[in-house]
Structure formats: structure tokens, C-alpha cells
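Quick mapping for you: the protein sequence lines, in order, are chains A and B.
Mapping the first sequence onto the UniProt record's numbering, position 174 (from 1) lands on 174, and the numbers just tick up by one.
Mapping the second sequence onto the UniProt record's numbering, position 452 (from 1) lands on 452, and the numbers just tick up by one.
Virtual Cβ for every residue (Gly too), placed ideally from N, Cα, C.
Here the structure is a predicted model, which is why all the values come from computation and not from measurement.
Notes to accompany the following structure.
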Amino acid sequence: MEILDKLVNVALIAATLRTTAPILLVALGGSFTTKAGIFNIGLEGQMLAGAFFAVLGSIWTGSAFAGVACGVAAALVFALVFAVLVVSFRANEVVVGLALNILAGGMTISLMKAIFGTRGSIVGQGIVGLPKVQLPGARAVLGSWAPLISGFTPIVYVAFIAVPLLVLFYNRTRLGLYIRVVGEKPEAAEALGISITRVRYIASLLCGLLAGLAGAHLSLGYITMFTENMSSGRGFMAVAILIFSNGDPLKVLAGCLLFGFADASSLRLQTFGYPSYLVLTVPYVVALTALFALSYRARPKIIAETLASMQRLLSTDRNTGPDGKHPL
Amino acid sequence: MVSNAGSPTLHMKAEMAVALTGITKRFGAFVANDGIDLAVRRGEIHAIIGENGAGKTTLMNILFGLLQPDEGSIRLNGEETVVTDPAVAIKAGLGMVHQHFKLVPSLSVADNVFLGMEICRHGLIDHAAQIARTRELSKRFGLQVDPTERVGLLSVGIEQRIEILKVLVRGARTIILDEPTAVLTPQESRELFQTLRSFVAEGMTVIFISHHLEEVMEVSDTVTVLRNGKRVATRPTAELSKDELVRMMVGREVSFDRRPRAPSQGDVVLEVKDLWARDDRRLPALRNVSFTVRSGEVVGIAGVAGNGQTELAEVLSGLRPASHGAARLKGRDLATLFPRDIREAGLAHVPGDRMVRGVDRNASIAANMLMGRQHRAPWSSSGVLNWTAISQNASRLIKDFDIRAQGPGDAVKRLSGGNIQKVVLAREFTNGADFLLIDQPTRGVDIGAQEAIHDEIMRQRAAGRAILLISVQLDELAALADRILVMFNGRIMGEVAGDGADEDRIGMMMAGVAAPERAAEPA
């Protein structure tokens with residue numbers, strides 16, 4: 001019991017929300033492209049670019065919010081390049097996404113070297129982090145539970161508020177509906193005079209917006225620094241969640257919370273003295289297990305068909321076996 | 001039928017709802033539309049009829065802005081219009097119900113109807129208002145739908161009603177329907193015709209594409225016949241007879257009569273004995289089916305679709321296990337063989353759904369004609385394909401079977417339905433198999449191609465093949481089969497000789513009433 005208390009408490013839940021925020025934002029961003037029928041593997045790169053330029057902006061201007069704006073702008077540029085190549089020039093989305101991811105990784109490293117003359121990470125140098133929002137009255141109402149809703153950076157609130165907003169967006173607004181239609185049945189959109197190109201551009205840019213915010217949260221949120229490959233696979237994790245949630249905001253939230261919780265508990269597990277390398281795999285193991293469990297239920301058609309045809313084959317054997325005429 | 005053409009309130013120049021002049025469209029060297037003129041009067045049902053590949057759909061796609069003509073001009077309501085995209089056409093009061101529906105399965109009926117022109121309040125979509133308006137329109141024109149239901153769960157007939165509602169909501173006054181009855185049951189077709197008449201009663205115009213003679217005779221005021229991309233004639237329906245129409249469509253006489261032939265008593269090729277099988281839901285689909293097919297005879301299987309014919313074909317081709325009983329092809333038990341072995345043992349199979357099991361639509365004609373014999377000489381040696389031989393063979397078959405295509409390298413998906421079916425037939429009939437399993441050979445195929453296919457089947461019969469012909473079209477069975485077996489609910493209800501085929505008696509058996517006498521089955 002004591003161990004459980006130590007493991008699950010208010011601080012852990014608060015940490016879960018904190019670690020969920022960046023992956024939730026980037027996954028919600030990806031939800032736009034997923035719904036619009038674009039397989040966007042470039043989330044990782046957009047996020048990384050966002051993180052780097054957010055730090056750069058905050059150093060240049062001395063303002064955290066201007067830094068966030070810079071990060072978002074950088075991610076938008078990546079998203080625009082992605083859209084031009086994929087939507088206008090019909091390039092393969094996986095190839096373009098991967099190329100942009102590699103570009104983001106290499107570019108941030110070489111710019112870091114060129115501007116700061118360092119390798120590895122940018123720390124200090126006048127980076128201004130995001131302020132924490134203390135909700136007035138939270139402590140009075142919730143007492144020791146206050147950290148659950150108060151004391152996060154603004155981007156965390158944005159991430160969680162974005163979930164119901166996206167639900168509303170997809171169900172009750174034209175643009176949301178068009179994004180869904182373009183992804184699900186492009187020929188229907190075309191026949192109705194909805195421009196597939198335009199809708200996909202908009203979806204890509206909305207994706208860049210949220211991916212940039214997610215990146216800025218990484219570098220200006222709870223730690224104010226930039227390190228090489230700072231996004232460390234969160235963008236890919238988001239892609240995985242998107243595949244299994246089909247971009248539905250609530251399912252995306254569930255997937256991200258699971259990952260965030262595993263991430264937060266792994267930090268906690270380190271205090272128990274387990275080898276840190278092993279502990280750091282926990283979130284990924286949890287995520288993989290969950291995705292496997294989910295995907296087995298809603299397994300893609302091709303797997304279902306293979307299973308069915310194997311069953312058919314087996315039942316053929318059973319049916320014809322007993323009369324002894326069957327050579328198999 | 002109502003015709004408002006003479007109505008004095010209409011301005012002279014607007015008497016024509018649609019007027020196309022000299023429309024020409026080429027795809028590569030292939031001329032799909034060749035200088036076509038078409039004038040559709042306001043308030044009429046104008047049928048456009050022609051064989052598959054005659055250019056009907058191309059012409060309508062041009063009118064609706066989905067394709068751009070290479071030559072020619074379009075006047076809508078008397079005004080010269082360049083229809084750059086469908087939005088222009090919609091604005092001019094045109095609406096098109098496509099052959100393949102363009103609905104979004106995850107959205108509700110009302111959402112689909114209003115897609116692209118949503119009713120909004122405070123910037124949010126007003127679902128309640130959309131549902132109410134859909135309900136009102138569906139009542140007014142007798143198009144029964146539940147506006148709140150998800151489209152993915154609905155049948156094809158209802159999907160078509162949604163497509164029509166979509167067009168109506170956009171304020172269309174001229175409605176184009178591309179082969180609307182191809183997907184409908186006879187009952188649904190009758191309901192559709194009533195809806196179309198209610199449209200012209202309100203002064204709207206209907207353009208109706210079809211290759212079904214009876215429908216055109218029944219519902220249209222004017223007929224335009226297309227053949228090989230050219231317009232043959234435009235005439236009032238009342239002045240035309242069915243014979244004339246057929247002659248104009250195919251450019252030659254077509255007979256529906258029974259083919260003369262000498263009776264044959266060859267060896268038993270296929271023997272089916274006490275066969276049982278289950279369907280995909282594990283329910284019995286075949287119950288105690290027994291029959292034989294001899295070389296040089298055509299045995300027909302009649303029945304309403306879904307009474308076990310599909311399962312029978314699947315068992316015979318090795319695609320579905322029998323749960324009981326046996327089927328023997330030239331003495332070999334099919335249950336012990338894989339589909340490929342069955343083919344090697346002498347089966348040729350023309351599947352009922354050609355797009356699923358007949359062809360790979362993305363592959364070329366040559367590749368499709370190769371399938372199933374790719375491992376045999378001369379098509380390959382030591383595992384390497386001989387494309388020269390394959391493509392020469394394909395060119396020859398394209399000529400022999402009169403397939404309208406540019407060449408053997410053409411992708412099958414670019415062909416029309418009838419021509420795709422001919423690709424399947426060409427492959428299966430030249431396989432040298434002794435037993436031909438032919439399932440719905442002329443489904444969705446125009447009359448000219450139908451006749452060619454029937455001729456080919458009779459040639460195969462004369463060559464001593466044993467043929468099992470499954471068809472839902474009685475006239476087809478009556479014309480071709482030596483004996484007709486009638487299936488109902490997985491059983492064979494009875495047998496009639498092809499030359500004495502009596503539609504009433506077959507109809508009774510198709511409905512599940514046992515025939516009083518059954519001709520002795522030669523065993």
C-alpha cells in the first residue's frame with residue numbers, strides 16, 4: 001500500500017498531465033492531417049523545429065511568448081513545405097515526412113553550432129521559460145488537489161482545452177466536416193466543389209500550428225533548454241496513436257494520457273533504484289502493449305482476412321479429413 | 001407524362017434546358033465522343049441509350065464539368081457556358097446522380113445531403129434544421145429515407161435516394177442520372193420512375209442514361225441513341241419500337257430467340273451428389289444438391305439471386321468447402337483439390353462478380369489474360385515470363401472477342417463493364433478446359449456484347465464443353481440452356497427442358513413452390 005501511495009499521488013497525476021501535453025498537442029495537430037487523409041509522418045520534425053526556434057526566439061526577444069510564436073512559425077514553414085510537396089506535387093507522404101524529419105534534426109544541430117558554437121544543448125544564454133499559471137482560488141477550493149488544475153504553463157491548458165474544441169470542430173463546423181470528407185471520400189468532396197487541395201493545405205497548416213506549440217512546450221515549458229533530438233520520438237508516438245485512434249480527438253486524448261502516465265511513472269520508478277535505461281523503456285513498452293491490445297480488437301482488414309482464410313483452410317481439413325479420402 | 005415544352009410562360013431561347021453542339025472528346029487515340037449534338041427540352045425525360053463504351057458517361061461528365069471537351073460548346077438554359085468544373089454546372093441548375101455514389105459513410109443522411117451547403121447558425125452546423133429539411137424533401141418527392149441514419153449502414157437503393165436528395169437540395173432543375181437502375185431491384189426501379197415523373201410534373205428536366213430498353217421505353221419522352229462515340233438519332237419515344245431502338249444501338253439485328261442446336265449426349269463431366277455447404281454466416285446455403293453436366297450440353301441454374309447459386313459456384317471452383325456430399329469433375333473429387341488443381345483438372349470459371357474475382361483492374365489486359373496459366377508453356381519457361389507471346393496472344397484475343405481497347409497494355413479499369421467481361425471470357429474460354437462454370441455472364445453488359453457472349457457460349461457447347469450456366473435472367477437461360485434447374489433456398493426445386501421453358505412454371509419454382517412433375521434426370 002505504501003508503495004502504491006508513493007507511486008500514485010497528486011504529484012504523479014500532475015506530472016502525467018504535464019508530460020501528456022506535448023504529445024497530446026502534436027497528436028491533435030496530426031489529427032487534422034489524419035482526418036484529411038494525409039499520413040503525416042513529419043510530426044517529429046515539425047515539433048523539433050518548433051522547439052529549437054522557440055528557444056531562439058525567446059533569447060532574441062527576451063519574451064517567452066514571442067519565443068512560442070517563433071517556434072510555431074518555424075513549424076508552420078515545415079508544414080507548408082510538406083503540404084507543397086505532398087498536396088500540390090503529389091510526392092509520397094512518407095518519403096517527404098521522413099526527409100523533413102531528417103532535415104529538422106540536422107538543421108537544428110548545425111544552426112546550434114553556427115549560432116552558439118556548441119554541440120549537444122543550449123542551456124542558459126538568456127532563455128526565458130513560460131510562466132506558470134496559478135489559477136486564483138484553486139488552492140482554496142481543492143486544497144491539496146489544486147496542482148491538478150493549477151500551476152501549469154499556458155500550453156498545457158491549450159492542449160487539454162483543444163480536445164473538446166476539436167470534437168466540436170469536427171462535428172459542428174464546415175471546415176471540420178470538409179476535412180473529414182476530404183479524408184474519407186475525396187471523390188465526394190470533389191463532386192461537391194470542395195477543393196481537396198485547399199482543405200489539405202489548411203489541415204497541414206493547422207497541424208503545423210499545434211506541432212509548433214508542442215515543440216515550444218518541450219523547450220520553454222518545464223525545462224528551459226534545447227537539446228539535440230529533443231522531441232525524442234514523441235512525434236512518432238503521436239503517429240502511432242493517430243493510426244489507432246483514426247484521429248478522433250477523444251481517442252487521441254486517451255492514447256496520449258496513457259503514454260503520459262507511463263512517462264511520468266517511469267520518472268518516479270527511477271527513484272526506486274531500478275536501472276534507468278530499463279525504466280526509460282517503460283512508456284514505450286506500455287504504449288506498444290496498449291496499441292497491440294487495441295489493434296488486435298480492431299485489427300486491420302488484411303489481418304482479419306488472413307485469419308479468416310486460415311480458418312477456412314483448417315475447417316476444410318476438418319470436414320474432409322474423417323472420410324479418409326483426403327490426402328493431406 | 002408531362003411535357004412543358006410548349007408552355008407560353010417560357011422564353012423561346014430557354015426552351016432547351018441543355019444544348020450540346022459538336023462535342024468531341026479524345027483519350028489518346030481513342031475518340032470517346034465524336035462531334036455529338038444533344039438538345040434536351042425543358043420538362044422532358046430524355047433518355048440517352050447506347051452500348052457500353054458508346055460514350056454516354058463521357059458525354060454527361062463533360063456536361064457536368066468533370067471532363068473538358070476537346071471541341072464543341074455547351075448552352076445551359078439558352079446561355080453559352082464554359083463548364084470549367086461541377087460548381088458552374090450546379091450553379092446553372094444542373095444536378096448529376098453518378099453511377100458510383102459519392103457519399104461519406106461515416107456521416108448521417110442529412111449531413112450527406114447538405115454537404116457543401118450546410119445550414120449554419122452562429123457559425124455552427126444546425127443539424128436539426130438539416131434533418132427537418134431533408135425529411136420534408138423526401139416526403140415531397142416520395143424518396144423514403146431516415147435523415148438521421150448513418151449512410152454506411154444503408155442499402156444501395158437508399159443511397160441513390162440520398163444522391164437524388166443532394167441534387168434537389170442544390171436547387172437542380174435538370175437532373176442527370178447515370179445508369180440509375182443498374183443497382184436497383186425491379187421494385188426500387190418502379191419507385192424511381194415515379195419520382196422522375198413527379199420531377200417533370202413540377203417542370204423539371206431529367207436526363208436518363210441507360211442501356212436497358214424496357215426502362216427507356218417505359219419512362220422517357222425522347223431518346224438519343226449513341227454508338228461508338230457518335231450520335232445515331234434523337235427521336236420521340238412514342239415513335240420508336242424496341243426493335244428499331246436495338247438496331248440503332250448495335251447497328252445490326254439482335255435475336256432473343258432460342259438458339260437452334262442438335263441434342264447431345266456426351267460423357268458426364270461434372271457430377272454433383274447430395275452436396276451441402278454453408279454460407280459466410282455458417283448457415284446452410286446448399287441443401288442436398290445433385291445434378292450432372294455432360295459434355296456438349298448447357299445446364300442452366302435459374303433462381304432469384306441469393307438462393308445458393310453463389311455458394312454453388314464457389315464450391316465447384318474450390319473457393320468454399322462443402323460440408324457434405326461430393327462434386328466430381330471427370331471423376332476427381334473436388335474436395336481434395338485446391339482451386340489451382342481444379343483449374344488444372346479442367347475447370348474454367350467466369351465468376352459472378354468480375355471486379356472481385358474476374359480481373360485485377362489495375363493490371364493490363366495482357367496480364368489479366370495470362371492469369372491462371374502463367375506457369376505453363378508457352379507463356380513462361382523456367383519461371384521467366386515470355387511477354388512477347390503473352391502480348392501477342394492478348395492482341396489476338398482482343399480481336400477475336402471484339403474487345404474495345406487500345407491494345408494489350410491498356411489497364412483493365414479503363415474498359416467499360418461489357419469489355420471487362422469479354423476479357424474474362426477470352427481468358428477462360430481459351431483455356432482448353434472441359435467444364436465451363438459461367439456465373440452471370442451478361443450482368444451489366446449491353447445487348448451487342450450480350451449477343452457476342454451468347455454466341456461464344458454456344459460455340460463452346462458445339463466444341464463439346466460441359467457448361468454450367470448460372471443466371472438470374474430467364475430469357476438468357478431459355479435461349480442457351482438444354483436443361484434448366486431452378487434453385488430456391490439452397491435446394492433444386494425442379495428441372496425443365498430449355499426448349500419447353502415455361503416462364504410461369506419456372507417462376508413458381510423460383511418462389512419455392514415445388515413443380516408437380518420433374519423430368520427424369522439422366523444419371
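Same chain only: Cβ atoms within 8 Å of residue i, ignoring 5 sequence neighbours per side
i, result
"L107 of chain B", "L115, R150, V151"
"V163 of chain A", "L24, L28, P249, L250, V252, L253"
"V88 of chain B", "G65, T81, V82"
"A405 of chain B", "I365, I398, R414, L415, N419"
Rounded C-alpha distance that separates residue i from residue j
i, j, result
"T237 of chain B", "P186 of chain A", "38 Å"
"I398 of chain B", "A110 of chain B", "46 Å"
"A54 of chain B", "E271 of chain B", "42 Å"
"G315 of chain B", "V496 of chain B", "Inspection of the sequence shows that residue 315 of chain B is occupied by Val rather than by Gly. Their Cα atoms are separated by approximately 24 Å."
"T310 of chain B", "G352 of chain B", "8 Å"
"residue 531 of chain B", "T197 of chain A", "The question about residue 531 of chain B has no answer here: the residues shown for chain B are numbered 1 through 523."
"residue 402 of chain A", "V219 of chain B", "Residue coverage of chain A in this structure runs from 1 to 328, which leaves residue 402 of chain A outside it and unanswerable."
"R396 of chain B", "H454 of chain B", "20 Å"
"P378 of chain B", "G372 of chain B", "13 Å"
"K242 of chain B", "F208 of chain B", "17 Å"
"I125 of chain B", "V167 of chain A", "13 Å"
"M458 of chain B", "A394 of chain B", "22 Å"
"E215 of chain B", "G50 of chain B", "13 Å"
"C256 of chain A", "G233 of chain A", "13 Å"
"F116 of chain A", "G235 of chain A", "26 Å"
"L226 of chain B", "V181 of chain A", "35 Å"
"D221 of chain B", "T234 of chain B", "11 Å"
"V156 of chain B", "T181 of chain B", "11 Å"
"T281 of chain A", "T19 of chain A", "15 Å"
"S88 of chain A", "A479 of chain B", "55 Å"
Whole-number beta carbon distance between residue j and residue i, since they are thought to touch under 8 Å
i, j, result
"K102 of chain B", "D70 of chain B", "Wrong, their Cβ atoms sit about 26 Å apart, outside the cutoff."
"S380 of chain B", "Q374 of chain B", "6 Å"
"S317 of chain B", "P339 of chain B", "6 Å"
"I403 of chain B", "V424 of chain B", "That pair is no contact at about 11 Å."
Chain-order list of residues whose beta-carbon lies under 7 Å from that of residue i (same chain, five-residue window excluded)
i, result
"R287 of chain B", "W276, G490, R491"
"N307 of chain B", "M487, F488, N489, G490"
"V10 of chain A", "S144, W145, P147, L148"
"K132 of chain A", "G151, F152, T153"
"A238 of chain A", "I23, V26, A27, G30, L43"
Neighbourhood of residue i by C-beta, 6 Å cutoff - its chain only, sequence neighbours within 5 removed
i, result
"A214 of chain A", "P22, L25, V26, M47"
"A104 of chain A", "G45, L48, A49"
"A326 of chain B", "K273, D333"
"G409 of chain B", "S364"
"I90 of chain B", "R170"
"L91 of chain A", "According to the sequence shown, residue 91 of chain A is Ala rather than Leu. Excluding residues within five positions, the ones whose Cβ falls inside 6 Å are L85."
"M508 of chain B", "none"
"G212 of chain A", "G50, G71, V72, A75"
### Message
If the cut-off is 7 Å on Cβ atoms, which residues from the stretch 233–250 of chain A count as contacting chain B, listed in chain order?
### Response
none
### Message
Taking contact to mean 3 or more Cβ pairs, one atom from each stretch, closer than 8 Å, check whether the stretch 477–486 of chain B and the stretch 292–305 of chain B are in contact.
### Response
yes
### Query
Any residues in the stretch 217–228 of chain A with a beta carbon nearer than 7 Å to a beta carbon of chain B? Which ones, in chain order?
none
### Query
Using 8 Å as the threshold, is the stretch 118–137 of chain B in touch with the stretch 66–82 of chain B, meaning 3 or more CB pairs across them?
no
### Query
For the stretch 73–87 of chain B, which residues have a CB atom closer than 8 Å to at least one CB atom of chain A, in sequence order?
D85, P86, A87
### Task
Answer yes if the stretch 199–206 of chain A comes into contact with the stretch 34–44 of chain A, meaning at least three C-beta pairs across the two stretches below 8 Å, and no otherwise.
yes
### Query
Is it a yes or a no for the stretch 213–225 of chain A touching the stretch 52–69 of chain A, going by three-plus beta-carbon pairs under 8 Å?
yes
### Query
Are the stretch 42–51 of chain A and the stretch 284–291 of chain A in contact at 8 Å, needing three or more beta carbon pairs?
no
### Query
Would you say the stretch 447–458 of chain B touches the stretch 413–424 of chain B, given that touching needs at least three Cβ pairs under 8 Å?
yes
### Residues in the stretch 178–199 of chain A having any Cβ partner in chain B nearer than 9 Å
Y178, R180, V181, E184, K185, E187, A188, A189, E190, A191, L192, G193, I194
#### Entry: Any 3 or more C-beta pairs closer than 8 Å across the stretch 188–205 of chain B and the stretch 126–133 of chain B
no
### Cβ-based contacts, 9 Å cut-off: residues of the stretch 164–175 of chain A near chain B
L168, N171, R172, T173, R174
### Query
Name the residues in the stretch 289–320 of chain B whose C-beta lies less than 7 Å from a C-beta of chain A; which are they?
none
### Query
For the 8 Å Cβ check, are there 3 or more pairs between the stretch 85–100 of chain B and the stretch 156–171 of chain B?
yes
### Task
Mind checking the stretch 94–109 of chain B against chain A and listing, in chain order, the residues whose C-beta falls within less than 9 Å of any C-beta there?
M96, H98, H100, F101, K102, L103, V104, P105, S106, L107
### Query
Using 8 Å as the threshold, is the stretch 430–448 of chain B in touch with the stretch 463–475 of chain B, meaning 3 or more CB pairs across them?
yes
### Message
Taking beta-carbon pairs under 7 Å, can you tell me which members of the stretch 320–341 of chain B lie near chain A?
### Response
P321, S323, D333, A335, T336
#### Entry: Residues of the stretch 394–426 of chain B whose Cβ lies closer than 7 Å to any Cβ of chain A, in chain order
none
### Query
Of the residues that make up the stretch 111–125 of chain B, which ones have a beta carbon closer than 9 Å to any beta carbon in chain A?
D111, N112, L115, G116, M117, E118, C120, G123, L124, I125
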